[in-house]
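Comments concern the structure below.
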Amino acid sequence: MSSFRVAMCGVLLTACVVLGAAPGDPIRVPGAPPAPTPAPSPDGAVSLAADQLFVIDSDIPVLVLASPRGLVSITEEAGPVKVRGKFVDGTGVETRTFKGKSVVTVEAIAAGRCELLVVPVGAAKGEQVVRRTLDVIVGQGPIPPPVPRPDPKPQPEPKPDPLRVDSVWVVVVEDAAAPRTIETATALNDPYWGGLRPKHDWRHYVSDSPTAIANGYVEQAKRVGYPAVLVLSATDGDPLRVFKLTTVAAIKTAVTEVTK
Amino acid sequence: MSQIETITEPETGVERRLGCVVPMVFPTGFTGFADAFPNEMLTWASIKSALAGRPSMWGRRRIFAGKKYIREQHELGSCNGWAVAGRLARLRELRGEPYVCLSGSDAYSQMNGGRDQGSILADGVKVLEVGGIAPEDMVPYNQIYTHQISAEAKAARSRFKGFKSYAVDTELELASALVLGRVAVVAVHVPNGTAFMKQDGDGINLAGNGHGNHSVGVDDLRLGAHGNLNYDMGNSWGTGYCEGGYTWLTWDRHLRETVKFHRFFVLVSTTDDPADDSTQPKVKG
Numbered sequence: 021m022s023s024f025r026v027a028m029c030g031v032l033l034t035a036c037v038v039l040g041a042a043p044g045d046p047i048r049v050p051g052a053p054p055a056p057t058p059a060p061s062p063d064g065a066v067s068l069a070a071d072q073l074f075v076i077d078s079d080i081p082v083l084v085l086a087s088p089r090g091l092v093s094i095t096e097e098a099g100p101v102k103v104r105g106k107f108v109d110g111t112g113v114e115t116r117t118f119k120g121k122s123v124v125t126v127e128a129i130a131a132g133r134c135e136l137l138v139v140p141v142g143a144a145k146g147e148q149v150v151r152r153t154l155d156v157i158v159g160q161g162p163i164p165p166p167v168p169r170p171d172p173k174p175q176p177e178p179k180p181d182p183l184r185v186d187s188v189w190v191v192v193v194e195d196a197a198a199p200r201t202i203e204t205a206t207a208l209n210d211p212y213w214g215g216l217r218p219k220h221d222w223r224h225y226v227s228d229s230p231t232a233i234a235n236g237y238v239e240q241a242k243r244v245g246y247p248a249v250l251v252l253s254a255t256d257g258d259p260l261r262v263f264k265l266t267t268v269a270a271i272k273t274a275v276t277e278v279t280k
Numbered sequence: 002m003s004q005i006e007t008i009t010e011p012e013t014g015v016e017r018r019l020g021c022v023v024p025m026v027f028p029t030g031f032t033g034f035a036d037a038f039p040n041e042m043l044t045w046a047s048i049k050s051a052l053a054g055r056p057s058m059w060g061r062r063r064i065f066a067g068k069k070y071i072r073e074q075h076e077l078g079s080c081n082g083w084a085v086a087g088r089l090a091r092l093r094e095l096r097g098e099p100y101v102c103l104s105g106s107d108a109y110s111q112m113n114g115g116r117d118q119g120s121i122l123a124d125g126v127k128v129l130e131v132g133g134i135a136p137e138d139m140v141p142y143n144q145i146y147t148h149q150i151s152a153e154a155k156a157a158r159s160r161f162k163g164f165k166s167y168a169v170d171t172e173l174e175l176a177s178a179l180v181l182g183r184v185a186v187v188a189v190h191v192p193n194g195t196a197f198m199k200q201d202g203d204g205i206n207l208a209g210n211g212h213g214n215h216s217v218g219v220d221d222l223r224l225g226a227h228g229n230l231n232y233d234m235g236n237s238w239g240t241g242y243c244e245g246g247y248t249w250l251t252w253d254r255h256l257r258e259t260v261k262f263h264r265f266f267v268l269v270s271t272t273d274d275p276a277d278d279s280t281q282p283k284v285k286g
């Protein structure tokens, strides 16, 4: 843990205290908010409300997993990126700029407690993994303080790949109103696509395609910017990875990370 | 429309009806590619840079090889239908849809007015985006009239449509669109004699410019031996035509005149087939 700096904007010191990390570390993960609204959990969990963003700002490629699945959505995009919203470690709506190469946004889907694992790509040791416990609060009024747990035991080392799926759909959405570049065309015509089948499947869309809109692809794409790549669980459409298209290599990496 | 022209292939004796008819009035009302995507227009330098060192931009002659993709219109004047159907089938695959051989004769039936007297290139846009095209296993090559086509085939048309076509007037528009992965439908001129059946040492078709009487698809491009651009034309006269059904065109030699008489266009995307078994998931949540 000591190799990471855990900080973000005005909560640098707070977050550092929470995780005991040194400034200058490459991954910045928000900690508990500075004000007690909601009150920090006695066991160090961070409350994530439906209208809040939990943003991980990393200078190195990271794999972010949530366990159990289904409580939060995780989207990744390349930084620097400017984000406006309510942050878990903030006090209201604000605009922040995240300068890391990899910016991962975690948002609430369903209420419950889950653990967030931030794994540097290529990590060889368990202590390189940054963990956060999230109390996800959805569909409630004022946010209550988390229930204290009587015996917060040390959490076990993360299992290597608890969330991988058998098969994915890789969907690319281009902006119908914006120009396609040669780089995008090259990525979309790469032989890689033909090799995805039969295990996986894929489609390319423009953003005003009725199917892309009806299936929720456009909404996801808007969050990371066009052209967007969505790696979806083939069984239930869970957005396992959502990021802006750069190269086919980045797509390969994402598919490899989330599949068995 | 003017009268349909015919030629007889010297070597095979097959009579070919050249079904791309010059409209009496040049079709208007189509959005131009450069107007729709002004920032998608590339420079000659960037196009040539992208093509440098490649046999072609996308290698599509190899990808779309054989009878699966190069179809045969036989003695009918249905070239326009096959050019449109072939581009739609290819672009569907390029964006992830499964292969379906689409019927050029079904497309032709929607633009020939009930007679085998050819059709206008621009009518292909309406067939692509409004009518749709049925699979060839439902409408074989010799069914070119509406009354010959089953209700099942007509119902299937809506599953296979283009999504967004744009007019092309200049070589830079055509080259930009192709370098960016689009496909195009154009008109070429087939003269009497054997020129259209032959190529020079660089694979360039020996026919020349004219008013344009034959509809074909263009799926790819390359940097030519003389620094110009060559456009990969897919024909619908079977795989015995030139090189597996393909030949190379140049703007100056083959397209500069025909573009003045016919509405060239590029296809940008396709719709999803609602009957596709591998229906993709909706985003959860």
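Those protein sequence lines, which keep their order, are chains S and U. For the record, in the first sequence the residue sitting at position 93 is 113 according to this note's numbering, with numbers rising by one throughout. For the record, in the second sequence the residue sitting at position 121 is 122 according to this note's numbering, with numbers rising by one throughout. Heads up, the beta-carbon is just placed ideally off N, CA and C, and yes, glycines get one too.
- In this structure, the CA atom of Ala-234(S) is about 10 Å from the CA atom of Asp-228(S).
- Shown here, Arg-133(S) sits in a strand according to DSSP, grouped into three states.
- When CB distances to chain S are screened at a threshold of 8 Å, the residues of the stretch 267–279 of chain U falling below it are Val-269, Ser-270, Thr-272, Asp-273, Ser-279, in chain order.
- Going by DSSP, Ala-269(S) is part of the alpha helix (DSSP H) stretching over 268–278.
- A distance below 7 Å between beta-carbons, with the five flanking residues on each side excluded, links Ala-157(U) to the following residues of its chain, in chain order: Ala-135, Pro-136, Met-139.
- Interface residue (Cβ-Cβ distance to chain U less than 7 Å): Val-82(S) is not classified as such.
- Residues of the stretch 71–82 of chain U that bring their beta carbon within less than 7 Å of a beta carbon in chain S are absent altogether.
- Using a CB distance cut-off of 7 Å, His-220(S) does not count as an interface residue toward chain U.
- With respect to chain S, the C-beta atom of Phe-31(U) has no partner C-beta closer than 7 Å.
- Around the Cβ of Met-198(U), a 10 Å sphere holds 16 or more other Cβ atoms; the residue is buried.
- For Glu-130(U), no alpha helix (DSSP H) run applies, since DSSP gives it neither H nor E.
- When Val-191(S), Asp-71(S), Ala-131(S), Arg-200(S) are compared, the shortest CA-CA separation from Phe-38(U) is found for Arg-200(S).
- If you draw a straight line from the Cα of Arg-93(U) to the Cα of Leu-103(U), it comes to about 11 Å.
- Listed as beta-bridge partners of Thr-240(U) by DSSP are no residues whatsoever.
- With respect to chain U, the C-beta atom of Asp-71(S) has no partner C-beta closer than 7 Å.
- For Tyr-246(S), there are no C-beta contacts with chain U under 8 Å, since the nearest C-beta of that chain is about 13 Å from it.
- By the criterion of a C-beta distance shorter than 8 Å, Leu-77(U) is surrounded in its chain by Arg-18, Gly-20, Ser-106, Tyr-109, Asp-117, Tyr-142, Asn-143, Ile-145, once the five residues flanking it on both sides are discounted.
- Listed along the chain, the chain U residues whose CB falls inside 8 Å of the CB of Val-191(S) are Gln-281.
- When the beta-carbon positions are compared, His-224(S) and Ser-187(S) stay at least 7 Å from each other.
- Interface with chain S (7 Å Cβ-Cβ cutoff): Trp-59(U) is included.
- Within 9 Å of the CB of Phe-161(U), no CB atom of chain S is found; the nearest one sits about 14 Å away.
- In the three-state reduction of the DSSP assignment, Ile-64(U) falls in the helix class, which pools H, G and I.
- Considering only beta carbons, the part of the stretch 171–200 of chain U lying closer than 8 Å to chain S consists of Val-180, Leu-181, Gly-182, in chain order.
- Lys-165(U) sits close to Ser-270(U), with the two beta carbons spaced by under 7 Å.
- In the displayed model, Ala-188(U) falls within a strand according to three-state DSSP.
- As computed with DSSP, Arg-48(S) is found in a beta bridge with Asp-77(S).
- Contact note: Ser-166(U) does not reach chain S at a C-beta cutoff of 7 Å; the least C-beta distance is about 13 Å.
- By the Cβ test, the stretch 221–228 of chain U is not in contact with the stretch 257–269 of chain U, since fewer than three Cβ pairs between them sit closer than 8 Å.
- Listed in chain order, the beta strand (DSSP E) elements of length 3 or more contained wholly in the stretch 132–186 of chain U are 163–169.
- For Pro-259(S), the enclosing beta strand (DSSP E) covers residues 259–264.
- The Cβ neighbour count for Met-112(U), taken over all protein chains shown within 10 Å, is at least 16; the residue is labelled buried.
- Contact with chain U is found for Asp-256(S), since one of that chain's Cβ atoms lies less than 7 Å from the residue's Cβ.
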